[in-house]
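Those sequence lines, one after another, are chains P and F. Going by my numbering, the residue at position 7 of the first sequence is 7; the numbering climbs one at a time, nothing skipped. Going by my numbering, the residue at position 92 of the second sequence is 205; the numbering climbs one at a time, nothing skipped. Glycine is no exception: its CB is placed at the ideal position from the N, C-alpha and C atoms.
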Amino acid sequence: EAQVTQNPRYLITVTGKKLTVTCSQNMNHEYMSWYRQDPGLGLRQIYYSMNVEVTDKGDVPEGYKVSRKEKRNFPLILESPSPNQTSLYFCASSRVGTKNIQYFGAGTRLSVL
Amino acid sequence: ELKVEQNPLFLSMQEGKNYTIYCNYSTTSDRLYWYRQDPGKSLESLFVLLSNGAVKQEGRLMASLDTKARLSTLHITAAVHDLSATYFCAVDIEPTSYDKVIFGPGTSLSVIP
């Protein structure tokens, strides 16, 4: 089954404690992206990647890091989380070139205390 | 500033009625997407509109794109309760070689029996 898998689904942490949210897709997609969703703001793109070792900033990259060492994985790293990073996070993937639709993961709800 | 706006943000309509959701964007783009999100769920792709004048239909939903007016519409025909969800439009940013995506704030639709 084609899917984008995020882990964990729910996470409560404290300020300053480094964390990683994993994202994996099994569709051999070149493009992967991270979004955060906050009430009234829709989805805002954090980082995206056009292919292995190619990443770029979205609209709200501050406080986040990503890496793309393998095509299927695109982890989101919060080196020193702060309360304003409490949000619902989505990973997505798609093919490039034909501008195909993005497939979204189930989401990760993060609370930073 | 790059912006994607949706109108209305909240919509309550009776079953059987017709309505249109509007998506305006401030950048040059000929790629627009519509997504649906059910409460507590991830996003599901509805339509990809790739050129001026593009029209796509699926069931009771029809989407269109006017790139000159920088406007997309999502028309709902004879609404049913199952269409209750939040609908997002999103655009690819141009001119650029990067696939940066901007989402609108979403339209929360409630269809009342």
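Local conformation of residue i per DSSP, three classes
i                : result
aspartate 195(F) : helix
glutamine 3(P)   : coil
glutamine 85(P)  : helix
methionine 27(P) : coil
proline 135(F)   : One point to set straight first is that residue 135(F) is tyrosine, not proline, in the sequence displayed. It is a strand residue.
valine 14(P)     : coil
alanine 182(F)   : coil
leucine 113(P)   : coil
arginine 144(F)  : coil
aspartate 38(P)  : strand
Proximal residues to residue i (C-beta, below 6 Å), its chain only, five neighbours per side dropped
i                : result
isoleucine 12(P) : Ser111
threonine 190(F) : Asn131, Arg173
glutamine 127(F) : Ile225
leucine 196(F)   : Val224
8 Å contact criterion, which residue i and residue j should meet: CB distance rounded
i                : j                : result
valine 96(P)     : methionine 50(P) : 6 Å
serine 93(P)     : valine 21(P)     : Contact flag wrong, Cβ pair sits at about 15 Å.
threonine 108(P) : proline 39(P)    : The pair is not a contact, with the Cβ atoms about 16 Å apart (cut-off 8 Å).
glycine 58(P)    : serine 82(P)     : Between serine 82(P) and glycine 58(P) the Cβ distance is about 18 Å, and since that is not below 8 Å, they are no contact.
glutamine 37(P)  : leucine 88(P)    : 4 Å
Run of the beta strand (DSSP E) containing residue i, from where it starts to where it stops
i                    : result
phenylalanine 123(F) : 123 to 127
phenylalanine 216(F) : 214 to 216
glutamate 53(P)      : Unbroken run through glutamate 53(P): none, as it is neither H nor E.
glutamine 119(F)     : 117 to 120
phenylalanine 160(F) : 156 to 162
Close-in-space but distant-in-sequence residues of the same chain around residue i (CB under 7 Å, 5 per side omitted)
i               : result
leucine 115(F)  : Ser139, Thr140, Ile206, Ile215
glutamate 79(P) : Lys18, Lys65
proline 218(F)  : Gln119, Leu122
proline 61(P)   : Ile46, Tyr47
Closest Cα partner of residue i within the set the options
i                    : options                                    : result
phenylalanine 104(P) : Pro81(P), Thr15(P), Asn26(P)               : Asn26(P)
valine 168(F)        : Ser155(F), Val224(F), Leu145(F), Asn137(F) : Leu145(F)
serine 231(F)        : Leu156(F), Leu184(F), His194(F)            : This structure cannot speak to residue 231(F), because chain F is shown only from 114 to 226.
tyrosine 48(P)       : Gln6(P), Gly63(P), Phe74(P), Pro8(P)       : Phe74(P)
arginine 149(F)      : Phe201(F), Thr180(F), Asn137(F), Ser164(F) : Phe201(F)
threonine 180(F)     : Val204(F), Asp195(F), His188(F)            : Val204(F)
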